[in-house]
Amino acid sequence: REPLLPPPQAVLKNIQCQIVLFLILSYGSLTAQNTPNDYNNRVNYIFAKMDHSRVTTGLLSDYGLHVIPPDYYDGVLRDSNEVDISAWRSLYGGMYSSRFNSISNLPAQTDVFNAIAQNTPLIGQPIPIAVMCINYNRLRNDAFTSGMVSINSDQIYDVAGKNPYETKTLFAAAPLQTGFENLAVQFVLKSSLYYTNAGKTITSIFVDPGDGNGFRNASWDVPFSVSYPVYGNKAFIVKFSFSDGTTLQT
């Protein structure tokens with residue numbers, strides 16, 4: 291009988307959903323039987339026919355496994371893109387799993403997570419803030435409907451003369467500690483915890499720690515003090531400006 295096919299505009303999204311569903315269904319057997327990484331085999335099959343060198347950042351978000359969609363963290367403040375250190379780790383892990391070719395030079399996920407663990411502050415020490423500014427590629431939403439790619443047997447193919455990719459930026463920052471016993475707290479933006487492939491020159495850093503006093507200038511590796519008037523949840527905003535005129539906030 292004729293196979294049931296999704297409508298053309300849903301094909302790319304459907305492939306992504308198939309990957310996630312495949313992972314969920316196979317996770318139990320993968321864990322119990324210590325089998326080869328079937329998920330990687332499946333996603334590699336889907337993208338095997340594409341020219342990997344065309345992904346100019348070396349990172350293709352459609353190829354990676356993301357617990358949290360990186361698209362939400364584009365440097366524009368929204369209620370939906372708040373981030374704590376757990377979400378930060380998930381975002382970095384998703385980006386690291388998106389490595390599509392040798393152009394990618396992100397530090398190994400284990401090295402980054404170890405650095406976070408090693409910088410966890412002791413009582414009374416300034417709270418380090420980890421930051422990532424990562425450029426990545428993704429397939430355009432209209433890549434299939436606009437004829438930029440074709441699909442055959444669940445494999446994606448390039449179309450000559452067409453560029454199906456767009457470049458996005460993931461920007462996220464988070465203190466390594468999220469709960470405090472005292473209203474007076476020190477923070478520090480640690481240069482060793484800044485992870486980027488963007489090649490952008492920072493011209494200014496501002497922070498608004500949610501103490502009611504708005505933004506103030508901050509510098510790498512220089513602790514700054516914050517005195518909160520009352521206990522409660524605080525929105526801590528980090529803002530970077532760059533020499534190309536762009537500004538990103540998280």
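Position 221 (the sequence shown) corresponds to 511 in our numbering; numbering is contiguous.
Every residue, glycine too, gets a C-beta built ideally from N, C-alpha and C.
- When rounded, the separation of the alpha-carbon atoms in M385 and F514 is 30 Å.
- In this structure, DSSP gives M385 a helical state, which the three-state scheme calls helix.
- Beta-carbon to beta-carbon, I375 and T468 are separated by about 7 Å, close enough to satisfy the 8 Å threshold.
- K529 is bridged by DSSP to F496, Q539.
- Around the beta-carbon of K452, fewer than 16 other beta-carbon atoms lie within 10 Å, marking it exposed.
- Counting the other Cβ atoms within 10 Å of the Cβ of T536 gives fewer than 16, which makes it exposed.
- Counted as a single uninterrupted DSSP element, the beta strand (DSSP E) harbouring A474 occupies residues 474-486.
- Annotation for V439: the continuous beta strand (DSSP E) segment containing it runs 439-442.
- If you keep only unbroken beta strand (DSSP E) runs of at least 3 residues inside the segment 401-464, you get 417-429, 439-442, 445-448.
- Residue environment for R379: buried (at least 16 other C-beta atoms within 10 angstroms of its C-beta).
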